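The listed protein sequences derive, respectively, from chains A and B. Terminal number for the first sequence in this note's numbering: 501, no gaps in between. Terminal number for the second sequence in this note's numbering: 841, no gaps in between. Heads up, the beta-carbon is just placed ideally off N, CA and C, and yes, glycines get one too. Here the structure is a predicted model, which is why all the values come from computation and not from measurement. This report refers to the structure that appears directly beneath it.
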Amino acid sequence: MTEKQPPPVLSIHGLTKDFPGVRAIDDVSLSIESGTIHCLVGENGAGKSTLIKMLTGALLPTSGTMRINGSEYRPKNLQDARDAGIATLFQELHVVDELTVSENLTLGMERSRFGFLIKSDLDDRVIRTLKAIEPSIDPSARVSSLSVAQKQIIEIARAASSGANVIIMDEPTAALSEREVERLFGVIRRLRKEAVTVIFISHKLDEILQLGETVTVLRDGKHIATKLLKDIAGRSELIEMMIGRSVFQSYTPSTTVRKEAVLTAKGLTNKLLKDVSFHINRGEIVGFYGLVGAGKTEIARALFGADEVSGSILFKGQKIGRSPKDTIASGIALVPEERRTQGLFTEFTIRKNIPVMNLHRMSDRGIFRSLDEQTAAVDYVNQLSIATDSIDKHVKKLSGGNQQKVVLAKCLFSQADLLLLDEPTRGVDVGAKTEIYDIIRSLAGEGKSVAVFSSELEEVLGICDRIFLLYSGSLKSEIINNADVDVSHILNIVTGGEGVV
Amino acid sequence: MSVSTKAGRTVSRHRMSDGTFITLFVAVVAITLFLVASLLVPNFFQWLNLLNLVTNNWAVISLGVGVTFLLVSGNFDLSVGGNVALAGVLSVWFAQSTGGTNPLSIGIGLPYWFAILCALGGALMIGGLNALFVVRFRIPSIIVTLGTMLVARGIAQVITQGSQRNTNLPEEFGFLGNLTMFGTSIKFPVVFMTLLLLVAIFIERKMVFGRITFWLGSNPIAARLSGIDRSRHLTYLYLFSAAIAGIVGILLSSEFKSGYSNRGMLMEFDALVISLLGGVSIVGGFGSVVGMFFGAIILAIVTSAATGMVLSPDWQFTLKAITVFLAIVTQTWALARRNR
Numbered sequence: 001m002t003e004k005q006p007p008p009v010l011s012i013h014g015l016t017k018d019f020p021g022v023r024a025i026d027d028v029s030l031s032i033e034s035g036t037i038h039c040l041v042g043e044n045g046a047g048k049s050t051l052i053k054m055l056t057g058a059l060l061p062t063s064g065t066m067r068i069n070g071s072e073y074r075p076k077n078l079q080d081a082r083d084a085g086i087a088t089l090f091q092e093l094h095v096v097d098e099l100t101v102s103e104n105l106t107l108g109m110e111r112s113r114f115g116f117l118i119k120s121d122l123d124d125r126v127i128r129t130l131k132a133i134e135p136s137i138d139p140s141a142r143v144s145s146l147s148v149a150q151k152q153i154i155e156i157a158r159a160a161s162s163g164a165n166v167i168i169m170d171e172p173t174a175a176l177s178e179r180e181v182e183r184l185f186g187v188i189r190r191l192r193k194e195a196v197t198v199i200f201i202s203h204k205l206d207e208i209l210q211l212g213e214t215v216t217v218l219r220d221g222k223h224i225a226t227k228l229l230k231d232i233a234g235r236s237e238l239i240e241m242m243i244g245r246s247v248f249q250s251y252t253p254s255t256t257v258r259k260e261a262v263l264t265a266k267g268l269t270n271k272l273l274k275d276v277s278f279h280i281n282r283g284e285i286v287g288f289y290g291l292v293g294a295g296k297t298e299i300a301r302a303l304f305g306a307d308e309v310s311g312s313i314l315f316k317g318q319k320i321g322r323s324p325k326d327t328i329a330s331g332i333a334l335v336p337e338e339r340r341t342q343g344l345f346t347e348f349t350i351r352k353n354i355p356v357m358n359l360h361r362m363s364d365r366g367i368f369r370s371l372d373e374q375t376a377a378v379d380y381v382n383q384l385s386i387a388t389d390s391i392d393k394h395v396k397k398l399s400g401g402n403q404q405k406v407v408l409a410k411c412l413f414s415q416a417d418l419l420l421l422d423e424p425t426r427g428v429d430v431g432a433k434t435e436i437y438d439i440i441r442s443l444a445g446e447g448k449s450v451a452v453f454s455s456e457l458e459e460v461l462g463i464c465d466r467i468f469l470l471y472s473g474s475l476k477s478e479i480i481n482n483a484d485v486d487v488s489h490i491l492n493i494v495t496g497g498e499g500v501v
Numbered sequence: 502m503s504v505s506t507k508a509g510r511t512v513s514r515h516r517m518s519d520g521t522f523i524t525l526f527v528a529v530v531a532i533t534l535f536l537v538a539s540l541l542v543p544n545f546f547q548w549l550n551l552l553n554l555v556t557n558n559w560a561v562i563s564l565g566v567g568v569t570f571l572l573v574s575g576n577f578d579l580s581v582g583g584n585v586a587l588a589g590v591l592s593v594w595f596a597q598s599t600g601g602t603n604p605l606s607i608g609i610g611l612p613y614w615f616a617i618l619c620a621l622g623g624a625l626m627i628g629g630l631n632a633l634f635v636v637r638f639r640i641p642s643i644i645v646t647l648g649t650m651l652v653a654r655g656i657a658q659v660i661t662q663g664s665q666r667n668t669n670l671p672e673e674f675g676f677l678g679n680l681t682m683f684g685t686s687i688k689f690p691v692v693f694m695t696l697l698l699l700v701a702i703f704i705e706r707k708m709v710f711g712r713i714t715f716w717l718g719s720n721p722i723a724a725r726l727s728g729i730d731r732s733r734h735l736t737y738l739y740l741f742s743a744a745i746a747g748i749v750g751i752l753l754s755s756e757f758k759s760g761y762s763n764r765g766m767l768m769e770f771d772a773l774v775i776s777l778l779g780g781v782s783i784v785g786g787f788g789s790v791v792g793m794f795f796g797a798i799i800l801a802i803v804t805s806a807a808t809g810m811v812l813s814p815d816w817q818f819t820l821k822a823i824t825v826f827l828a829i830v831t832q833t834w835a836l837a838r839r840n841r
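Following this line, the structure appears as structure tokens:
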């Protein structure tokens with residue numbers, strides 16, 4: 001508002017965050033000018049979310065300083081961030097479906113007299129803000145009748161009307177259709193006119209090229225560059241900055257793959273998936289790689305019979321049942337995405353978790369053979385080197401990596417011939433990660449087939465024989481893994497690009 | 502990274518499970534209460550009295566078995582009290598002979614054994630109804646069984662016209678409920694309860710069926726993804742619970758030689774209360790039949806000691822309430838302290 005050059009709305013200096021054993025953010029310094037759209041890109045694990053968590057007060061930095069409009073900023077929680085004018089649009093929406101749009105906008109700020117709500121100028125203000133950024137939404141409409149994108153816009157309007165001048169958007173387009181993305185972009189551009197700064201995080205590089213003014217690239221927790229987008233020569237330069245020269249775990253081609261399809265899927269289609277077809281060979285490790293929302297989990301669950309899907313699935317040449325119970329019986333097992341909520345009975349001991357997927361193997365006429373149960377538990381604890389002092393330890397007291405191994409043990413006990421591993425190493429420490437990869441390789445060596453569904457490129461390049469690339473529900477490409485596979489080609493495809501860079 | 506895990510060490514049990522801990526805790530509380538009551542109430546400390554605490558409560562303890570299994574699976578069964586009345590009234594109505602003078606003495610005239618089977622069938626239908634609504638229509642079990650509780654008692658009331666049926670019954674009708682066994686004064690219903698408890702403990706500890714119940718209650722999503730058929734299992738559980746309620750109702754009718762529509766009133770709540778007192782988790786996945794049994798003893802000691810001591814029987818409900826609150830709070834506290 002003054003003729004003088006104002007200080008940057010947000011500046012970060014020497015910010016570092018250490019976790020036990022890892023430096024997630026390493027000496028990052030950058031400044032964000034007021035009223036710009038600033039994009040943040042980087043691979044999974046590059047440190048984007050850690051950075052955002054420090055900005056919003058969810059994590060405290062190990063060292064370094066942050067400044068807002070020139071004054072020191074040290075948030076301890078989300079409220080501190082909000083008071084300082086930083087609002088965040090998370091991937092999960094925080095709107096109340098049963099209320100109207102304007103009730104949602106004033107939620108928590110209502111005026112009342114004797115316990116009755118009264119109208120205030122607040123209502124007019126929020127409605128004005130909403131009108132300014134998205135005139136098409138009716139303030140009296142019920143939020144449940146709106147689309148995901150419209151709900152996001154409600155959240156943005158709420159942030160804007162509460163006086164936020166920086167809005168952080170963490171992958172806001174992951175669940176949106178193309179038309180909705182356009183609409184969101186319109187809103188973001190209008191926000192900028194209102195002098196609001198937007199920090200925009202997305203994996204979809206085209207969106208960044210289309211929307212952003214400035215881009216910051218992070219890699220392995222380090223700040224690689226902050227550049228004006230007009231100075232960037234397209235996707236290829238961005239991708240190069242993102243991957244750098246990082247060396248991927250060396251892949252050794254498996255010798256056990258046979259040319260014998262164990263599973264053939266044709267035309268899988270459901271709410272997200274669009275006509276996905278592929279096959280998996282005996283003794284093969286295949287990878288499904290794509291961004292969040294690309295359809296990895298959906299394919300895994302569809303194969304496992306956990307979700308509805310149309311199309312045909314043949315396993316060992318036969319049609320299989322459409323429930324987890326049936327698919328397990330035919331020899332497929334799933335390590336689900338969320339081990340605590342979907343994979344484990346955390347209140348029970350290791351011993352009592354293992355037999356669940358193959359009860360026949362452990363019982364006679366419905367009575368447990370407790371000695372066998374004990375032997376099996378001891379065997380798997382040793383075989384998978386689960387770090388515990390007893391098989392009677394509660395699973396909730398194990399570390400993430402060891403919990404994941406218990407889920408694996410459950411699946412191995414089912415004697416499945418095809419293992420579907422959805423994010424097998426998410427939230428697992430480096431040591432356990434390597435061990436899990438070794439387990440996967442030795443399974444393939446025994447002639448079992450493994451499908452790894454992962455959003456970590458390093459992981460799929462490290463262990464998979466063949467990799468399927470997914471983008472927004474479609475299988476875009478299939479590559480045979482080898483030492484000189486073109487990483488930028490892969491990133492180009494999964495971020496929505498076509499053909500060769 | 503890998504910690505050496507020798508087989509010998511991995512099997513060692515240096516710490517009892519939370520389940521065992523709570524069961525022991527409840528048992529200790531029950532014994533302590535009995536000793537305290539023995540000091541305060543004259544003639545309380547007698548073997549006969551201890552035995553009576555169990556035998557007088559055979560009906561509720563039996564119902565508690567089904568209720569405990571369902572709670573462990575993460576579901577309620579409030580229909581058992583109504584089902585006791587229904588099965589009892591049905592057994593009487595089916596067994597009453599056809600020739601009677603007033604409407605309440607005219608029955609169906611089936612042979613006694615067949616009348617019992619049909620009454621049991623009626624109880625199982627209520628259980629089937631529970632399963633249908635909970636499993637198929639995915640309605641929360643607390644609502645479903647609240648409804649079927651009223652349905653069952655409602656039917657019983659229509660059949661007895663709000664009163665009771667006790668005439669025109671065959672000679673053998675009173676046999677089962679009053680049969681004394683082993684040359685002692687122990688009646689058949691108490692033996693039934695004992696056998697039921699033993700079978701239930703076996704199912705809970707040793708059988709796949711019991712383990713599935715725990716898995717379902719602990720994490721239904723993981724259970725489904727591990728291939729467990731929730732629908733079938735819950736159906737079995739509701740039928741199991743309804744069968745127990747049916748047998749209890751039939752035995753009570755036999756004992757009193759009458760079918761009374763208010764019989765079993767509030768038994769569903771007593772069964773729930775003793776389960777909770779016994780450390781069964783209301784959100785599922787945790788609890789034991791033995792705990793429920795000691796929960797029943799606690800409740801019995803408190804109510805009988807207090808009414809035998811100073812208070813009029815009118816204080817019964819208030820006492821129950823205080824016991825429940827105290828018991829649940831101490832259990833939560835003990836468990837939290839232990840896992841701190």
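Note down the Cα distance separating A:ARG183 from A:ALA149, rounded to an integer number of angstroms. Working through the first sequence from its first residue, we reach residue 183 of chain A at position 183. Working through the first sequence from its first residue, we reach residue 149 of chain A at position 149. So the two alpha carbons sit approximately 8 Å from each other.
Could you name the residues of the same chain whose beta carbon sits closer than 7 Å to that of A:ASP26, not counting the 5 residues immediately before and after it, in chain order? The residue you call residue 26 of chain A lines up with position 26 of the first sequence. Closer than 7 Å at Cβ, skipping near neighbours: THR16, GLY221, LYS222.
Tell me, which residues are paired with B:TYR737 by DSSP? Your numbering for residue 737 of chain B matches position 236 in the second sequence. B:TYR737 pairs with nothing; no bridge assigned.
Listed in chain order, which residues of the stretch 336 to 348 of chain A have Cβ atoms closer than 7 Å to some Cβ of chain B? The residues in question are PRO336, THR341, GLN342, GLY343, LEU344, PHE345, GLU347, PHE348.
Bounding residues of the beta strand (DSSP E) (the contiguous stretch that carries A:MET169): Along the first sequence, read from residue 1 onward, the residue named residue 169 of chain A stands at position 169. Unbroken beta strand (DSSP E) run through A:MET169: 166 to 170.
Cutting at 7 Å between CB atoms, please list the residues of its own chain near A:ARG142, excluding the five before and the five after it. Within the first sequence, residue 142 of chain A is the residue found at index 142, counting from 1. Correct list, in chain order: THR100.
Please classify B:PHE615: is it buried, with 16 or more other beta-carbons within 10 angstroms of its beta-carbon, or exposed? Here the question's residue 615 of chain B lines up with position 114 in the second sequence. Exposed.
How about the stretch 692 to 702 of chain B and the stretch 552 to 565 of chain B: do they share at least three Cβ pairs that are nearer than 8 Å? Segment contact: the stretch 692 to 702 of chain B against the stretch 552 to 565 of chain B, three or more CB-CB distances shorter than 8 Å; contact assigned.
Can you list, in chain order, the residues of the stretch 713 to 733 of chain B whose Cβ is nearer than 9 Å to any Cβ on chain A? Those residues of the stretch 713 to 733 of chain B that come within reach of chain A (Cβ to Cβ, closer than 9 Å) are ILE713, PHE715, TRP716, SER719, ASN720, ILE722, ALA723, ALA724, ARG725, LEU726, SER727, GLY728, ILE729, ASP730.
Report the rounded CA-to-CA distance for B:ASN557 versus B:ALA801, giving the unit in angstroms. Here residue 557 of chain B corresponds to residue number 56 of the second sequence, with the count starting at 1. Here residue 801 of chain B corresponds to residue number 300 of the second sequence, with the count starting at 1. About 9 Å.
Neighbour flag for A:ILE367 against chain B, beta carbons, 9 Å: By one-based count along the first sequence, residue 367 of chain A stands at place 367. Yes, A:ILE367 counts as interfacial toward chain B.
Can you give me, in chain order, the residues of the stretch 769 to 796 of chain B that have a beta carbon less than 8 Å from any beta carbon in chain A? Per Cβ criterion, the list reads GLY786, PHE787.
With A:LEU421 and A:VAL292 assumed to form a contact (beta carbons below 8 Å), what rounded beta-carbon distance in angstroms separates them? Numbered from 1 along the first sequence, position 421 holds the residue referred to as residue 421 of chain A. Numbered from 1 along the first sequence, position 292 holds the residue referred to as residue 292 of chain A. The C-beta distance from A:LEU421 to A:VAL292 rounds to 17 Å, too long to meet the 8 Å contact threshold.
Beta-bridge pairing of A:TYR380 - partner residues as DSSP gives them: For the purposes of this step, residue 380 of chain A is identified with residue 380 of the first sequence, where counting begins at 1. Paired residues: none, contrary to the question.
State the start and end residues of the unbroken beta strand (DSSP E) segment that holds A:ARG219. Here residue 219 of chain A refers to the residue found at position 219 when the first sequence is read from its first residue. Boundaries of the beta strand (DSSP E) harbouring A:ARG219: 214 to 219, taken from the DSSP string.
Could you check how far apart the C-beta atoms of B:TYR737 and B:PHE674 are, in whole angstroms? I think they sit under 8 Å. Here residue 737 of chain B refers to the residue found at position 236 when the second sequence is read from its first residue. Here residue 674 of chain B refers to the residue found at position 173 when the second sequence is read from its first residue. Wrong, their Cβ atoms sit about 31 Å apart, outside the cutoff.
Three or more C-beta pairs closer than 8 Å, one from the stretch 726 to 734 of chain B and one from the stretch 371 to 383 of chain A: is that the case here? Touching, no, given that fewer than three Cβ pairs across the two stretches are closer than 8 Å.
Any idea which residues DSSP pairs A:GLU72 with across the strands? The residue you call residue 72 of chain A lines up with position 72 of the first sequence. DSSP output for A:GLU72 lists A:ARG67 as bridge partner(s).
Counting C-beta neighbours from all protein chains within 10 Å, is the total for A:VAL247 16 or more, i.e. buried, or is it exposed? Reading the first sequence from its first residue, position 247 is the one you call residue 247 of chain A. Below a pLDDT of 50, predicted positions are generally treated as unreliable, and A:VAL247, at 47, falls in that range; no measurement from the model is reported.
Min CB distance A:PRO324 to chain B below 9 Å: In the first sequence, counting from the first residue as 1, residue 324 of chain A sits at position 324. Judged by the 9 Å Cβ criterion, A:PRO324 is in contact with chain B.
Assigned exposure category for B:GLY780 - 16 Cβ within 10 Å defines buried: Along the second sequence, one-based indexing puts residue 780 of chain B at 279. By the neighbour-count rule (16 or more Cβ atoms within 10 Å), B:GLY780 is buried.
With 9 Å as the threshold, decide whether the Cβ of B:VAL636 is near any Cβ in chain A. Along the second sequence, one-based indexing puts residue 636 of chain B at 135. Interface criterion not met: the Cβ of B:VAL636 is under 9 Å from no Cβ in chain A.
Spatial distance of A:PHE288 from A:GLY317 (CA atoms): As a position in the first sequence, residue 288 of chain A is number 288, starting the count at 1. As a position in the first sequence, residue 317 of chain A is number 317, starting the count at 1. Cα to Cα, A:PHE288 sits roughly 22 Å from A:GLY317.
Have a look at B:LEU579 and B:THR646 and give me their C-alpha separation to the nearest angstrom. The residue labelled residue 579 of chain B in the question sits at position 78 within the second sequence. The residue labelled residue 646 of chain B in the question sits at position 145 within the second sequence. Rounded to the nearest angstrom, the two C-alpha atoms are 5 Å apart.
May I ask you to report which of helix, strand or coil DSSP gives A:GLU98? In the first sequence, counting from the first residue as 1, residue 98 of chain A sits at position 98. In the three-state reduction of the DSSP assignment, A:GLU98 falls in the coil class.
Along chain A, in chain order, which residues have C-beta atoms closer than 9 Å to that of B:PHE522? Indexing the second sequence from 1 puts residue 522 of chain B at position 21. Within 9 Å of the CB of B:PHE522, no CB atom of chain A is found; the nearest one sits about 12 Å away.
What would DSSP say about A:SER9, mapped onto helix, strand or coil? The count along the first sequence starts at 1 and reaches residue 9 of chain A at position 9. The displayed chain sequence assigns Val, not Ser, to residue 9 of chain A. Three-state result, A:VAL9: coil.
One question on the structure: do A:THR173 and A:ILE32 come within less than 9 Å of each other, judged by their Cβ atoms? In the first sequence, residue 173 of chain A corresponds to position 173, counting from 1. In the first sequence, residue 32 of chain A corresponds to position 32, counting from 1. Judged by beta-carbon spacing, A:ILE32 lies beyond the 9 Å limit of A:THR173, meaning their Cβ atoms are not closer than that value.
In terms of DSSP beta bridges, what is A:THR341 paired with? Here residue 341 of chain A is taken as the residue at index 341 of the first sequence, counted from 1. Answer by DSSP bridge pairing: none, since A:THR341 is not bridged.
Can you say whether A:PRO135 is buried or exposed, counting buried as having 16 or more other CB atoms within 10 angstroms of its CB? Looking up residue 135 of chain A in the first sequence gives position 135. When all chains shown are included, A:PRO135 counts as exposed.
Counting only beta-carbon atoms, is A:VAL450 nearer than 9 Å to chain B? Position 450 of the first sequence, counted from the start, is the residue given in the question as residue 450 of chain A. For A:VAL450, no CB of chain B lies under 9 Å from its own CB, so it is not counted at the interface with that chain.
If we cut at 9 Å on Cβ distances, does A:PHE288 have a partner in chain B? Mapped onto the first sequence, residue 288 of chain A falls at position 288. Chain B, which has no Cβ nearer than 9 Å to the Cβ of A:PHE288, makes this no.
Excluding five sequence neighbours on each side, which residues of the same chain lie with their C-beta closer than 8 Å to the C-beta of A:SER147? Counted from its first residue, the first sequence places residue 147 of chain A at position 147. Spatial neighbours of A:SER147 in its own chain (CB-CB distance under 8 Å, excluding positions within 5 residues in sequence) are listed in chain order as GLU180.
A:ARG258 and A:GLY234: beta carbons closer than 9 Å? In the first sequence, the residue the question calls residue 258 of chain A occupies position 258. In the first sequence, the residue the question calls residue 234 of chain A occupies position 234. No; because the gap between Cβ atoms is not below 9 Å, this pair is not in contact.
Quick check: the Cα distance between A:ARG339 and A:SER34, rounded to an integer number of angstroms? Along the first sequence, one-based indexing puts residue 339 of chain A at 339. Along the first sequence, one-based indexing puts residue 34 of chain A at 34. If you draw a straight line from the Cα of A:ARG339 to the Cα of A:SER34, it comes to about 42 Å.
Reduced DSSP category for A:ASP83 - H, G, I as helix; E, B as strand; rest coil: The residue given as residue 83 of chain A occupies position 83 in the first sequence. Shown here, A:ASP83 sits in a helix according to DSSP, grouped into three states.
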